[in-house]
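For my numbering, count along the sequence shown from 1 and bump the result up by 21.
For every residue, glycine included, the Cβ atom is placed at its ideal position computed from N, Cα and C.
Only a predicted model underlies this, so the values are computations on that prediction, with no experimental measurement involved.
Since the structure comes first, as structure tokens, the remarks are kept for the end.
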Amino acid sequence: MTEPATVSGGDILSCANVWKFYGPKAHQIEAGRSRGISAAQLYASPRHLAAVRDVSLSVNRGEILVLMGLSGSGKSTLLRCMTRLVTPTYGSVFFDGLAMGELDARRLMQVRREKMGMVFQGYGLLPHMTALQNVSFPMRIKGVEKARREERAREMLALVGLDGRADHYPDQLSGGQQQRVGIARSLTLEPDIWFLDEPFSALDPLVRREMQDEVMRLQTILRKSIVFVTHDCSEAMRLADRIAIMKDGEIVQLSTPEQLVLSPANDYVAAFTRDVRRAEVLTVASVMDHTASAAGLTGPTIQARDKIVDVAGPVLSATDPVRVLGSDGAAIGAISRNAVLAVLLSGTARAHNHP
Numbered sequence: 022m023t024e025p026a027t028v029s030g031g032d033i034l035s036c037a038n039v040w041k042f043y044g045p046k047a048h049q050i051e052a053g054r055s056r057g058i059s060a061a062q063l064y065a066s067p068r069h070l071a072a073v074r075d076v077s078l079s080v081n082r083g084e085i086l087v088l089m090g091l092s093g094s095g096k097s098t099l100l101r102c103m104t105r106l107v108t109p110t111y112g113s114v115f116f117d118g119l120a121m122g123e124l125d126a127r128r129l130m131q132v133r134r135e136k137m138g139m140v141f142q143g144y145g146l147l148p149h150m151t152a153l154q155n156v157s158f159p160m161r162i163k164g165v166e167k168a169r170r171e172e173r174a175r176e177m178l179a180l181v182g183l184d185g186r187a188d189h190y191p192d193q194l195s196g197g198q199q200q201r202v203g204i205a206r207s208l209t210l211e212p213d214i215w216f217l218d219e220p221f222s223a224l225d226p227l228v229r230r231e232m233q234d235e236v237m238r239l240q241t242i243l244r245k246s247i248v249f250v251t252h253d254c255s256e257a258m259r260l261a262d263r264i265a266i267m268k269d270g271e272i273v274q275l276s277t278p279e280q281l282v283l284s285p286a287n288d289y290v291a292a293f294t295r296d297v298r299r300a301e302v303l304t305v306a307s308v309m310d311h312t313a314s315a316a317g318l319t320g321p322t323i324q325a326r327d328k329i330v331d332v333a334g335p336v337l338s339a340t341d342p343v344r345v346l347g348s349d350g351a352a353i354g355a356i357s358r359n360a361v362l363a364v365l366l367s368g369t370a371r372a373h374n375h376p
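This is the structure:
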């Protein structure tokens with residue numbers, strides 16, 4: 022049997038020129054592809070809808086990559102192409118160097134079960150099973166013996182703050198608690214990558230923010246590679262290391278939250294970010310004085326990666342500029358009260374970009 026192709030590199034997942042078409046006669050799309058009809062030719066046909074258009078991107082190890090866009094933008098379809106829950110019409114997806122499109126059904130199932138964790142908007146809990154049984158279910162399918170799978174399930178429930186709810190059934194849990202069970206279940210087999218498709222969109226705002234905090238807390242512990250889908254800009258800005266904004270199936274900008282706010286690629290991106298409070302997105306590194314000497318400064322220190330909103334208190338209460346430390350703990354400059362005040366007073370990106 023021919024082994025699937027592999028690629029090497031530091032990315033855990035990559036997409037190369039991925040297209041996904043839908044149309045009234047799906048089999049004709051596949052037939053056309055086999056005859057050499059290009060993606061561009063299919064896209065030009067009014068009979069075919071391109072849900073994903075020529076997407077190329079990589080997911081770095083340990084990062085949270087957020088796919089953001091309005092309903093119908095293609096973000097969920099792209100996530101499904103990444104997992105091959107949906108097969109791309111054109112292009113390639115590589116997971117950990119392995120060509121997903123070349124995997125047979127058995128190997129694909131194995132990769133999904135052992136390497137990928139998935140959480141969707143619908144919790145997908147089995148109503149006749151307790152929280153413990155739901156969380157341990159993936160291990161049961163894998164054939165893990167009962168004592169070990171229950172031990173692991175209890176560890177995961179404790180990790181998400183539900184150690185006292187192991188014997189509760191789904192209808193005895195709140196929406197947020199049910200989603201925590203879903204998160205715990207998706208982590209039982211220690212996946213290499215975690216896919217979350219609008220997991221909190223059905224929750225009340227306060228519970229939703231609580232679950233965002235939970236994802237960030239888990240990420241500091243587990244350092245997973247995460248692909249997170251949302252239509253909520255505030256949610257994306259809170260969680261993401263990078264954000265891919267999608268429209269009509271294509272990526273219009275892939276940048277850090279800071280870059281999206283400071284340098285939107287077009288009016289569509291600017292409209293998405295216009296109500297974002299700059300102090301909640303901009304980091305110390307983006308506004309600090311890199312040329313300032315930290316010598317002689319003996320007051321508090323802050324991290325270059327810290328958000329302005331989180332350091333405003335200590336910086337504004339200091340009489341001198343505050344030392345800024347890099348990831349290695351060494352001083353790399355300083356930030357002044359005026360620099361922080363300027364960000365706080367600038368308000369939202371709307372006010373900054375559209376005076």
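| Taking the alpha helix (DSSP H) that Val308 falls in, what are its first and last residues? | 305-308
| My guess is that Val361 and Leu337 are in contact by the Cβ rule of under 8 Å, so how many angstroms apart are they, rounded? | 6 Å
| said: My assumption, with CB atoms under 8 Å, is that Gly21 sits in contact with Ile266. Please give the rounded CB distance. | reply: There is simply no residue 21 to check, as the chain begins at 22 and stops at 376 in what is shown.
| Quick one: Cα of Asp341 to Cα of Pro191, how far? | 54 Å
| Going by C-alpha distance, which of Arg128, Ala72, Gly118 is nearest Val107? | Ala72
| query | For Leu217, which residues of its own chain have a beta-carbon under 6 Å away from its beta-carbon, when the five flanking residues on both sides are left out? | reply | Val140, Phe249
| request: In the DSSP assignment, find the alpha helix (DSSP H) that holds Val156 and state where it starts and stops. | output: For Val156, the enclosing alpha helix (DSSP H) covers residues 152-163.
| message | Here's a check: name, in chain order, each residue in its chain whose Cβ is nearer than 8 Å to the Cβ of Glu24, leaving out the five neighbours to either side. | response | Low confidence applies to Glu24: its pLDDT is 48, below 50, so where it sits in the model is not reliable, and the reading given next is rough at best. There are no such residues.
| request: Taking Leu239 and Met232 to be in contact with their CB atoms under 8 Å, please state how far apart those CB atoms are, rounded to whole angstroms. | output: Actually they are not in contact, since the Cβ atoms of Leu239 and Met232 sit about 10 Å apart, beyond 8 Å.
| message | In whole angstroms, give me the CA-to-CA distance for Ala168 and Asp32. | response | If you take the alpha carbons of Ala168 and Asp32, they lie about 36 Å apart.
| query | From Pro376 to Ser367, what distance separates their C-alpha atoms? | reply | Model confidence at Pro376 stands at a pLDDT of 40, short of 50, so the residue's coordinates are unreliable; what they give is reported in the following sentence. If you take the alpha carbons of Pro376 and Ser367, they lie about 10 Å apart.
| message | Looking at the secondary structure, which residues open and close the alpha helix (DSSP H) in which Lys96 lies? | response | 96-104
| query | Mapping DSSP to helix, strand and coil, what is Tyr289? | reply | Of the three classes helix, strand and coil, the one that applies to Tyr289 here is helix, per DSSP.
| request: Could you check the C-alpha separation between Arg244 and Ala65 for me, to the nearest Å? | output: 42 Å
| query | In terms of residue numbering, what span does the beta strand (DSSP E) encompassing Ala352 cover? | reply | 352-356
| task | Go ahead and pull the three-state DSSP assignment for Ser348. | result | In the structure shown, Ser348 adopts coil according to DSSP, grouped into three states.
| task | Assess, as a yes-or-no matter, whether the stretch 291-302 is touched by the stretch 108-128 under the definition of 3 or more beta carbon pairs within less than 8 Å. | result | Output reads no: the stretch 291-302 does not touch the stretch 108-128.
| message | Give me the residue from Asp349, Gly317, Leu365 with the minimum Cα distance to Val343. | response | Gly317
| said: Please give the ranges of any alpha helix (DSSP H) in the stretch 224-272, keeping only runs that are unbroken, at least 4 residues long and fully inside the region. | reply: 226-243, 254-260
| query | Hey, Asp213 and Leu86 are a contact pair by Cβ (cut 8 Å); roughly how many whole angstroms apart? | reply | About 14 Å; that fails the 8 Å criterion.
| task | Report, in whole angstroms, the separation of the C-beta atoms of Leu365 and Ala300, which I expect to be a contact under 8 Å. | result | 5 Å
| field | Bridge-paired residues (DSSP) for Ser79 | value | Answer is Ser35.
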